[in-house]
Structure formats: C-alpha cells, structure tokens
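Residue numbers for the sequence shown follow this note's numbering, so the first one is 8 and each next one is one higher.
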Amino acid sequence: MANILSTLFNFDKKRLKEIEKIASMVDVLKDEIRALDDDQLKAKTTEFRQRLTGGETLDDLLPEAFAVAREAAYRVIGEFPYFVQIMGGIVLHQGDIAEMKTGEGKTLTSVLPVYLNALTGKGVHVVTVNEYLAQRDAEWMGKIHRFLGLTVGVNLRVLSPKQKRDCYLSDITYTTNAEIGFDYLRDNMVTDVKERVLRPLFYALVDEVDSILIDESRTPLIISGGQKQTANLYVQADKFVKRLVENEDYVIDIKGKTVQLSEEGVRKAEKAFNINNLYEIKHTQLVHHLHQALRANFIMIRDVEYVVQENQIVIVDQFTGRLMVGRAYSDGLHQAIEAKERVPIKQETSTMATITYQNFFRLYEKLSGMTGTAKTEEEEFLSIYNMRVVEIPTNRPIAREDYPDAIFGTKKAKYEALVKEVMELNESGQPVLVGTIAVETSEFLSKMFTQRKIRHEVLNAKNHAREADIIAKAGH
C-alpha cells in the first residue's frame, strides 16, 4: 500500500511539474499580448482558427490562446487569471479534473480552456448544476468570449426546439446537466435528423463534477409517454396502506429506503381486495400499486423529496435543493404521491427513452471537470471516465480554519448548539451561512431563529425565484 501511495504521489508531482512548465510558456507572453490594442487582440481568434485549418493543433496554440484569453479577461471584467488558474485551465484542456479550493476562481479558470477548444467551431458545453449558474456564467464569462469574437448561448428549459438548435450552434453553450441530457434523449426520438438540436458531442467542461459524474451518475433521465388510465387504483391502494401499522403490517428499511408488506399485511390486503392469493400473476398490477403506495406514504417525505405547490407534486433535486418543475417520478410513484397528498392524479405514462448521466457524459469526445473536492473519488473517475484528478495549488496560503465535526446524541441537542453558535456570531456582526439538506430542516431552523429574534433569510426550493435577490443582500 505504501508503495502504491508513493507511486501516486510521485505521479502527481511529475504531472504538476509538466503543467507548471506549460503555464510558464503562457505567463511569459503576458507583456507581448498586453501591448496589443483591442482590435489586434480580437483578430487573434481569426488567426488561431486559420492556424488550426493549416494543420496546427490545440496544444500548439495553447500558450498563445491562453495568454489572449487571460488578457481579454483583464480588459473586459478587470480580472487577470493567476498562474495557478492557468495551471487549472491546462488540466481542464487535457480532459482531466482540476481540484481547486473554494475561492480560487474556478469560473474564471474555465475561460481559458473553453476559449481554446471553442476555436475548433465544434461547440463547447459548459455544464452547471442549475439554470441560475448557467445564466450567470453565460453573462459574466460570456462577455470575455464575445469580446474575442466567439458566439455564446445559454440553454434553458423554456426554449423552443429552434431556439435550442441555435443555442447549440454557438461556439460555447452554457447549460445544466439535466437539460442537455433531456435534449439528447429527445434528439434520439425524432423521425427526421433535421429536427435534432444537438451537434456531435465534442467537449464538455463540468462544474461541480463530483456531484454530477459521481453522486448523480446513475440517476436516470427519463422521457415518458403513452398514457394509462390507473388513477382509481392509486386511490384505493393509498386508502388501504394508510390503515396499516408499522412493524405489524409492513417493515421499513430506512437505510435502504425500502418498504414491504409483512405476512399480516399481505393477509389484510387479500381481505381488503377480496382475493385469495395476492401474489398470483393476475394480481401483479395490484401488487405494483400497493408497493408504490407504501413507498409514497412511508419512504417519500414531504418537503424533503418533494413539495406540494399549486396543487401539484414538484420534485426537489436532492443534490441542489432546487425544484424540478415538469419532472415526475417513474413507475407510478408520482401518481402514488399525488394520491397520498390528495391532489389531482395525472395519468401514468410509460418510459419512452432513458439514459444515466454516466452513460451520457461518456459520449463526449473530451470531458473535463472542476470542483473543490474530487481527490477522494479519483479511483472512480479514472475507472469510469478515464479522468485523473489534479490538485491545483492555492494562489495564497489558505486562511480558512477547518474544525473537526461536532457529534451530538440527539437532533435537539444539535440544533440547540447550532442556534447558540449562530446567535453568538450574529451578535458580533459576522454574517453566517447555514446549509441544510432538506426544505423541512431549513424551515425548522428558521422557526428556531424567529423565536430567538435572529434576523435571517431562508433560501430553499420553495422560494428559489428570489434566489438572486437573497444572495445579493447576503451579509448586509
């Protein structure tokens, strides 16, 4: 084991040396590029494209192209990428993962490899976890790319197929992982290739890469169709399971998120539905509805997995805390939750197309990503995506202090300690950000803060429309 760790450490050290060498080639050009006027700087994009046509490679162009994008960033938004950000950009261009600590400027780092790869005209996709970030980055970083003569699009859920097609024809497209995944599925369902919106998948740069490619890697994207008339069955199943007693009629595995009828539960089901054997083939549909009703009532938690909004069930993304409007659980679970919450039950549909994020992103010719935490999943990234994780040094020594985890015997003790600490920090005038994993928890803490007269804002899936406003006022 010691030899393996030593080998990995030496490999990382050698890789960083190679990256530093290339970054130095970029850095040495800064004065030469700074001497160019705006028109001369913009003309570099046309020159680079001509050189690519003439046989040069992206690697040949990298030092000069990075230097041009670096200078453009300074002129357009007043930020000049640091040496370590050049290093991060090189890793991203090479199709690997740049692990950069929070505050080290991942977004600005992305400008360099995105500009270089966009010179091919094949289309670069910058993938983020939500539309707010996609729009923000397209506006913020897009200014730099537009200054250099590249076209920039932002792919949103509300766009028509024609608008999406135009968006993907841009040199650079900012999009969410979910939206581009669904666009790919829809493209594979069209009857005429002219109706497709995507071009061949060339290069994707994924922000928060560990969340999308590891945490959500096996999350299936599903397009459904073909309606079935089954609403009444869900209501009957829901009424039945609501009468059941835990541990007597059904057993829950909290960790595995599964629930099943006990022998007594099966007996009660056979009596309630007037049948002799619940598990006969002819009762398969009933078993399915009972199973989904059990999951809806005893596994799926309101304000954690979903919220009820305007008399509809809206899924909460478990990784981002955002509402997934228009999305539905598959295999009838959505209808079972609708029956549970007494909202109108939509007609059940069958799956027409599906793909996981893992399988989708492996379709790209080149894939890269950035995050603050990926080294712990390096083995998985390497075996599944053939991507290495490179830890980029910080520009300055880290001033942040990381404390050990605090463990409490009960939730009550944990929340009391949290509120006590927030009160102390609040009294000293220090802004505080409290992160929770569920809407329910954020609202519970909000009540505790209100009781203690702590002025605060709550940002969760229920009021995400106010996100920009809340963030703008944070700390004031």
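Yeah, the Cβ is synthetic: ideal placement off N, Cα and C, and Gly gets one too.
- One alpha carbon belongs to residue 378, the other to residue 333, and they sit about 28 angstroms apart.
- With contacts defined by Cβ atoms closer than 9 angstroms, residue 401 and residue 27 do not form a contacting pair.
- Taken through DSSP and simplified to helix, strand or coil, residue 329 comes out as coil.
- Distance from the CA atom of residue 420 to the CA atom of residue 326, rounded to whole angstroms, is 26 angstroms.
- The C-alpha of residue 313 lies about 10 angstroms from the C-alpha of residue 319.
- Sixteen is the threshold: since fewer than 16 other Cβ atoms of the shown chains lie within 10 Å of the Cβ of residue 61, the residue is exposed.
- Note that the C-beta distance between residue 103 and residue 369 is not below 9 angstroms.
- Leaving aside the five residues that flank residue 373 on each side, the residues in its chain whose CB is nearer than 6 angstroms to its CB run, in chain order, 102, 210.
- For residue 181, the closest alpha carbon among the candidates 169, 213, 154, 206 is that of 213.
- Between residue 337 and residue 232 a beta carbon distance of about 12 angstroms is seen, past the 8 angstroms cut, so the two are scored as non-contacting.
- Residue nearest to residue 331 within the set 437, 117, 316 is 316 (criterion: CA-CA distance).
- With contacts defined by Cβ atoms closer than 9 angstroms, residue 95 and residue 116 form a contacting pair.
- The residue among 461, 438, 425, 262 with its C-alpha nearest the C-alpha of residue 448 is 425.
- For the pair of segments examined, the segment 149–167 was found not to touch the segment 241–252: the number of CB pairs separated by less than 8 angstroms stays below three.
- Between residue 82 and residue 25, the alpha-carbon positions lie close to 29 angstroms from each other.
- Counting only residues of its own chain and dropping the five nearest sequence neighbours on each side, residue 340 has a CB closer than 8 angstroms to the CB of 299, 302, 303, 307.
- Apart from sequence neighbours up to five positions away, the residues of its chain that approach residue 120 with a beta-carbon distance below 6 angstroms are 96, 99, 100, ordered along the chain.
- DSSP, read as helix, strand or coil, puts residue 101 in coil.
- With respect to the C-alpha of residue 207, the residue from 293, 144, 371, 53 having the closest C-alpha is 371.
- A contact is defined here as three or more CB-CB pairs under 8 angstroms, and the segment 83–90 fails this definition with respect to the segment 38–54.
- Under the DSSP assignment, residue 324 falls outside any alpha helix (DSSP H); it carries neither an H nor an E label.
- Assigned with DSSP and collapsed to three states, residue 295 falls in helix.
- CA-CA distance, residue 127 to residue 194, rounds to 23 angstroms.
- Cβ contact annotation for residue 147 (same chain, cutoff 8 angstroms, sequence separation greater than five): 84, 114, in chain order.
- Contact between residue 198 and residue 138 is absent: CB atoms are separated by about 29 angstroms, not below the 8 angstroms threshold.
- The criterion of a C-beta distance shorter than 9 angstroms is not satisfied by residue 323 and residue 219.
- The residues 168, 171, 172, 175, 190, 194, in chain order, have a CB closer than 7 angstroms to that of residue 204 in the same chain once the five nearest residues on each side in sequence are set aside.
- Pairing residue 230 with residue 285 gives a Cβ-Cβ distance that is not under 9 angstroms.
- If you look at residue 342, you'll find it in the alpha helix (DSSP H) that goes 340–347.
- Of the residues 450, 479, 460, the one whose Cα lies closest to the Cα of residue 469 is 450.
- Distance from the CA of residue 36 to the CA of residue 74, rounded to the nearest whole angstrom, comes to 6 angstroms.
- Residue 132 carries a strand assignment under DSSP once its states are collapsed to helix, strand and coil.
- Excluding residues up to 5 positions away in sequence, 76, 79, 80, 83, 84, 118, 122 lie with their Cβ nearer than 8 angstroms to the Cβ of residue 151 in the same chain.
- Contact check for residue 178 and residue 131: beta-carbon distance about 7 angstroms, within the 8 angstroms limit, so the pair qualifies.
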